[in-house]
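Q: Sequence positions in the sequence shown follow the numbering used here and run 887 to 1148. Just so you know, even glycine gets a beta-carbon here, dropped at the ideal spot from N, CA and C. Here the structure is a predicted model, which is why all the values come from computation and not from measurement.
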Amino acid sequence: MTPDQVTPDGAGTPTDTHFGFRTVPLAQKQRMVDEVFHSVAKRYDVMNDLMSLGLHRVWKDLLVSKLRPPKSERPFALLDVAGGTGDVSFRTVEAGGAGTRATVADINGGMLGVGRERAAAKGLADRVEFVEANAEELPFADRSFDAVTIAFGIRNVPRMDKALAEMRRVLKPGGRCLVLEFSRVDVPGLDAIYDTYSFKLIPGMGKMVTGDAESYQYLVESIRRFPAPEVFAQLMREAGLKRVDWTPLTGGIVALHSAVRI
Ligand code: SAM
């Protein structure tokens, strides 16, 4: 049983998981997550800026600077799992040279649709491809990508262990796996402010901007249910990834996890 499958009181079964603070059958979580992102897709990006006060841009830039796509024409293929509207992929191809290409894989057609429109508007449609796919069963060949990323996506995937194993499978040996995800605030005082902001303000902000408070209630609850960084690091190791490490960012609001496939 993975930590994601344990119920809040620790009395979970392998067939249960959680959707925010609710315990739900594992088989139902994906449908519920899909409803959330269908509902918010059109306003997802503007809400990200508002909710994080623009910080998600800084965190994604740090991820890309750690990825270091080559500046030359050397081919470099990124797979961005649960890539949504394309942020990480756009930043990666913009930071890299002419040989850098990205594939956004996401289960949600609504999020991908917004991503395709953004790629066209940025003139990046020939360097960023959008593929509808489940992270638990990636439709790509073994050892086909130079790097694999997932940003704010893994906590939404019902079987995180399967997704991590798939991310390892499609990586070339020596390739880097980077996971950006909410984490545990470790600065005294900031935790109380962060809790108040998350639970008292974000759902209301979500209602104003997207007309949907519930999806943002799920968001803040799912952040609290995500395992501590050392527990998630162990899941990465169990998926066969090596040199697993993480860096807390912004007082632990977010962590950047990294690993390689040997
Ligand atoms: N990575 C993007 C970003 O940082 O802006 C989007 C993150 S968004 C919070 C989470 C994304 O995970 C959504 O686009 C959702 O559709 C996707 N997702 C959820 N479950 C998935 C799954 N099983 N396979 C692939 N994508 C999934």
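#1: Go through its chain and collect everything with a Cβ distance to K1048's Cβ below 6 Å, but skip five positions before and after it.
#2: Check whether the Cβ atoms of V1056 and F1026 lie closer than 7 Å to each other.
#3: Under three-state DSSP, which class holds I1036?
#4: Mark T1035 as exposed unless 16 or more other C-beta atoms lie within 10 angstroms of its C-beta, in which case mark it buried.
#5: Which residues in the same chain as K1072 place their Cβ atom closer than 8 Å to its Cβ, once the five residues preceding and following it in sequence are excluded?
#6: Whole-angstrom Cβ separation of R1054 and S1144, contact assumed at under 8 Å?
#7: Going by DSSP, name the residue or residues bridged to V1140.
#8: Can you grab the Cα-Cα spacing for the pair S854 / D931, in whole Å?
#9: Which same chain residues end up closer than 6 Å to N1042 when comparing Cβ atoms and leaving out the 5 residues on each side of it in sequence?
#10: How would you write the range of the beta strand (DSSP E) that F1016 sits in, first residue to last?
#11: In terms of DSSP beta bridges, what is K1128 paired with?
#12: Could you pull the DSSP bridge partners for P1113 from this structure?
#13: To the nearest angstrom, report how far apart T909 and E1124 are at their CA atoms.
#14: Tell me the start and end of each unbroken beta strand (DSSP E) in the stretch 962–989 that is at least 3 residues and wholly inside, in chain order.
#15: Go through its chain and collect everything with a Cβ distance to S958's Cβ below 6 Å, but skip five positions before and after it.
#16: Does the beta-carbon of A981, which I'm using as the reference point, lie nearer than 6 Å to any heavy atom of the ligand SAM?
#17: Which partner residues does A991 have in the DSSP bridge list?
#18: Per DSSP, which one or two residues make a beta bridge with D902?
A: Let's see:
#1: E1022
#2: yes
#3: strand
#4: buried
#5: This sequence places Asp at residue 1072; Lys is not what is there. Within the same chain, D1072 has close Cβ partners P1134, G1137, G1138.
#6: 13 Å between Cβ atoms; not a contact.
#7: F1068, L1135
#8: The question about residue 854 has no answer, for the chain in this structure spans 887 to 1148.
#9: V919
#10: 1014–1018
#11: V1146
#12: None, per the DSSP bridge assignment.
#13: 24 Å
#14: 962–967
#15: G983
#16: no
#17: V967, V1017
#18: P911
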